[in-house]
Amino acid sequence: MHAGSPITPLSLALSREASVVAGGADVIAVLEPPADTGFGDLATNVAMILAGSSRRNPRELADELVQRIGAAGGLGGYVESAVVAGPGFINLTLSPRWFADAARTIVVAGDAYGRGQAEPRERILIEFVSANPTGPPHVGHARQAAYGDGVARLLEYAGHDVTREFYVNDWGRQMDLFGASVAARYGQLMGLATEVPADGYQGDYVVGVAERIRDEVGDAFRDRVDPPDAEARALFTALGRDMMLATMTDELERFRVRFDAFASETTFHAGGAVTRGLEALVRSGDAYEQDGALWFRTTAYGDEKDRVLRRSDGSTTYLAADVAYHLDKAGRGGDRLLDILGADHHGYIARLRAVVAAGGHDPGMLEVPIVQLVSLIEGGEARRMSKRAGTLVTLGELVDDIGVDAARFFLVQRSHETAFDLDLDVARAQGNENPVYYVQYAHARIAGILMQEPAAPAAAPPPAAIDPSERALLISLARWPQVVDEAARRRSPHRVAAFLMDLARDFHAFYHRCRVVGEAPEVVAFRLDVLRATRSVIATGLGLVGVEAPDRM
RNA sequence: GCGCCAGUAGCUCAGUCGGAUAGAGCGUCGGUCUACGAAACCGAAGGUCACAGGUUCGAAUCCUGUCUGGCGCGCCA
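Using this note's numbering, read the first sequence as starting at -7 and increasing by one per residue.
See the structure below:
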């Protein structure tokens, strides 16, 4: 049951009849495309559902329901025939009037067709990508960005109030190492024999960071980097952080991913929020001292073991900052928190949930979708990537290679729960082996026809006959509101991509069987609506996965 | 050893709160441009849905067990 779908009136009318057959029980008849299009346009298993509760023969119930459909004038003239098949399915063949009305409805709704299906509407804070600003974003970040932004767009379209947030992990050991690495490279630029720490950042981009710092400060720190003093370390770390964060956001923006807010780990430390968070946990009895360290009793909330918040040397762990951050997020008054994490962080979920629960919030408000790994295939072989050796493929390189549209479509096409291999040869292809162009081409083709501005009569009756390809196309279009709803509820933008492939296929088949220009007036009128409706839904769907809908290619 | 995710066509993957003969793209084979864009369409071949039990009118889907792969199991982040 989805507002705006041309299937909904049918479903409601059928539900009324089914309730009567069931003796007054409340029934919802779900209408879906049948397994085989030869069976009809839509099918329902409602008789089989009723058979279960009323202990009656499903086929007998179906027969009765079919009679009532006939008596009800074919559900308002929309049903041409209804037949019982198989174990008790009812197959409906719809009338030309339904198809004409459906196309018109979608055209009139335009971009709003499918929008606002969410119930109830929520204020959702979605955090994703969140990385150490110690290097450029890589392919793994790209998948998380494509997924996180896809979910955000989907939730917005479904009617939720969404905020995209990037948590900057700009504090701690990794940042210190990064700062030391930058300082060493700066020293080398000054002609010194400084060396990047063995466990530091070896990538060439660090040289670039050092060069830009040299351009700013000149040789002022020449004598302070071998070894670097505290002030020098802080400066190189801070400048490096700013540059890398700027690189990340620039690259992500080029990838069509923008954030509404940034949260800095350093800020939580500097502002005292980390200390206050730990004190709150101690006060509530959720944290305790042992062996000189401060422990978070996460086992009380389902974790397998307790976790250290403050080490015996007095320094705080990553988790301590996340306590502050998540208490902050949970306390902002929204309904739901989404943390998009990579597969290597899934062991962290129980800890985050414990933070939310210990803060007195419903732990159910926190959802943590896990994005599995993506690897690159080229020439039939896995492309080796190592962060240490600096051979990671960056987001920027990926975009330069295959383009934003292909990158986003490929990365969001597969369920985030599945580790998958991205074949660069296929993604790079400009031709027919590339799925993203298959969908875009459908959009461009429609634009091409509409640009000819074919004339149509203002008000035309439905055409006498509807082609099978038109039936398939309209039924697909009618499913869109439900696709949006399911994809949003399940945080699964890949369902949008899969739908677009189906829709494009239906359109291309229609295109080859049905002409628009030069047909009878009522046929032209109908098919123009079909074209406009299809173009609108494709454009909307592509927009939800961050891909452009070109008028020509 | 424990936890999470996965195992579906030659390859990459959809489909998983039970429904009819299990799908798509790529690849392979064969057709289709003197009519709106052939970046397209039509057709064919290709499957023990990892395996074994169970639940029921009906299981790729739910339950149990087994096998295989990825990731994780730190006073790292």
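In this text, a Cβ means the ideal position worked out from N, Cα and C, and glycines have one as well.
Between which residues of its own chain and residue i is the CB-CB distance below 7 Å, once the five residues before and five after are set aside?
{"i": "Ser122", "result": "Phe158, Tyr159, Asn161"}
{"i": "Thr97", "result": "Pro(-2)"}
{"i": "Asp393", "result": "Leu416, Arg420"}
{"i": "Asp252", "result": "Thr155, Arg156, Glu157"}
{"i": "Val76", "result": "Arg51, Ala54, Asp55, Val58, Ile82"}
{"i": "Trp163", "result": "Glu257, Thr258, His261, Ala313"}
{"i": "Val516", "result": "Pro446, Ala448, Val508"}
So residue i and residue j are in contact, right, with Cβ under 8 Å, and what is the actual spacing, rounded?
{"i": "Val385", "j": "Val131", "result": "5 Å"}
{"i": "Phe288", "j": "Leu319", "result": "Not a contact, Cβ separation roughly 12 Å."}
{"i": "Val315", "j": "Gly269", "result": "4 Å"}
{"i": "Val19", "j": "Ala10", "result": "4 Å"}
{"i": "Leu582", "j": "Pro88", "result": "Any answer about residue 582 is impossible in this case: the structure gives the chain only from -7 up to 545."}
{"i": "Asp33", "j": "Leu84", "result": "6 Å"}
{"i": "Phe247", "j": "Leu387", "result": "6 Å"}
{"i": "Thr410", "j": "Met236", "result": "At roughly 30 Å, the Cβ-Cβ gap does not stay under 8 Å, so Thr410 and Met236 are not in contact."}
{"i": "Ala541", "j": "Gln432", "result": "7 Å"}
{"i": "Phe228", "j": "Tyr178", "result": "7 Å"}
{"i": "Thr186", "j": "Val217", "result": "6 Å"}
{"i": "Ala279", "j": "Leu301", "result": "6 Å"}
Express the C-alpha separation of residue j and residue i in angstroms, rounding to a whole number.
{"i": "Pro361", "j": "Gly334", "result": "9 Å"}
{"i": "Ala489", "j": "Val404", "result": "7 Å"}
{"i": "Ala451", "j": "Ala470", "result": "22 Å"}
{"i": "Val12", "j": "Ala94", "result": "27 Å"}
{"i": "Asp55", "j": "Asp354", "result": "49 Å"}
{"i": "Ile458", "j": "His486", "result": "31 Å"}
{"i": "Met357", "j": "Ala172", "result": "39 Å"}
{"i": "Glu114", "j": "Thr532", "result": "22 Å"}
{"i": "Ala272", "j": "Asp498", "result": "58 Å"}
{"i": "Pro513", "j": "Leu495", "result": "26 Å"}
{"i": "Glu111", "j": "Gly102", "result": "21 Å"}
{"i": "Glu478", "j": "Thr36", "result": "19 Å"}
{"i": "Gly16", "j": "Ala63", "result": "18 Å"}
{"i": "Arg275", "j": "Ser407", "result": "42 Å"}
{"i": "Gly510", "j": "Ile530", "result": "25 Å"}
{"i": "Gly232", "j": "Val174", "result": "7 Å"}
{"i": "Ala226", "j": "Asp305", "result": "21 Å"}
{"i": "Glu26", "j": "Arg375", "result": "With the sequence shown as reference, residue 26 is identified as Pro, and Glu is not the correct amino acid for it. Taking the straight line from one Cα to the other gives about 43 Å."}
{"i": "Ala230", "j": "Thr241", "result": "17 Å"}
{"i": "Arg8", "j": "Ala104", "result": "28 Å"}
{"i": "Thr309", "j": "Gly200", "result": "30 Å"}
{"i": "Ser307", "j": "Pro189", "result": "22 Å"}
{"i": "Asn124", "j": "Met167", "result": "7 Å"}
{"i": "Pro453", "j": "Arg324", "result": "55 Å"}
Look up residue i in the DSSP assignment and give the residues it is bridged to.
{"i": "Ala92", "result": "According to DSSP, which records beta bridges pairwise, Ala92 is partnered with nothing at all."}
{"i": "Asn426", "result": "DSSP output for Asn426 lists no bridge partner at all."}
{"i": "Phe81", "result": "Ala77"}
{"i": "Val154", "result": "Ile116"}
{"i": "Phe412", "result": "Val366"}
{"i": "Glu271", "result": "DSSP, once it has assigned bridges, lists no residue as partnering Glu271."}
{"i": "Ser256", "result": "Val160"}
Select from the options the residue whose C-alpha is nearest the C-alpha of residue i.
{"i": "Arg483", "options": "Asp415, Gly294, Tyr149, Ile369", "result": "Tyr149"}
{"i": "Arg60", "options": "Ala39, Ala134, Ala464, Asn124", "result": "Ala39"}
{"i": "Val249", "options": "Gly535, Met545, Asp543", "result": "Gly535"}
{"i": "Thr291", "options": "Pro453, Ala313, Ala346", "result": "Ala346"}
{"i": "Val133", "options": "Phe81, Leu365, Gly179, Ala222", "result": "The question names Val, but residue 133 is His in the sequence shown. When only C-alpha atoms are compared, the closest one is Leu365."}
{"i": "Glu203", "options": "Gln180, Ala398, Thr186", "result": "Gln180"}
{"i": "Ala176", "options": "Gly(-4), Gly164, Arg206, His152", "result": "Arg206"}
{"i": "Ala255", "options": "Tyr317, Ala74, Gly15, Tyr178", "result": "Tyr317"}
{"i": "Ser331", "options": "Leu368, Tyr340, Phe401", "result": "Checking the sequence shown, residue 331 turns out to be Asp, not Ser. When only C-alpha atoms are compared, the closest one is Tyr340."}
{"i": "Val476", "options": "Phe412, Glu208, Ala144", "result": "Ala144"}
{"i": "Asp397", "options": "Ala138, Gln282, Arg8, Ser73", "result": "Ala138"}
{"i": "Ala448", "options": "Gly326, Val522, Tyr280, Ser528", "result": "Val522"}
{"i": "Asp234", "options": "Pro219, Thr258, Pro189, Tyr70", "result": "Thr258"}
{"i": "Tyr367", "options": "Phe412, Leu329, Gly323", "result": "The residue you asked about is not Tyr; residue 367 is Ser in the sequence shown. Checked all of Phe412, Leu329, Gly323; the closest Cα to Ser367 is Phe412."}
{"i": "Tyr293", "options": "Glu24, Tyr429, Ala342, Ala104", "result": "Ala342"}
{"i": "Asp327", "options": "Tyr193, Leu117, Glu24", "result": "Leu117"}
{"i": "Glu281", "options": "Val266, Ile441, Arg299", "result": "Arg299"}
{"i": "Leu169", "options": "Met182, His152, Asp191", "result": "Asp191"}
{"i": "Ile438", "options": "Cys506, Pro455, Leu390", "result": "Cys506"}
{"i": "Met545", "options": "Leu344, His337, His435, Ala349", "result": "His435"}
Here's a check: name, in chain order, each residue in its chain whose Cβ is nearer than 6 Å to the Cβ of residue i, leaving out the five neighbours to either side.
{"i": "Ala5", "result": "Leu67"}
{"i": "Arg519", "result": "Val508"}
{"i": "Phe120", "result": "Gln136, Gly140, Ile332"}
{"i": "Gly106", "result": "Trp472, Pro473, Val476"}
{"i": "Ile284", "result": "Sequence inspection shows Gly at residue 284; the Ile mentioned does not correspond to that position. Excluding residues within five positions, the ones whose Cβ falls inside 6 Å are Ser304."}
Closer than 8 Å by C-beta to residue i: which residues in its own chain qualify, once you throw out the five before and the five after it? Chain order, please.
{"i": "Ile41", "result": "Val19"}
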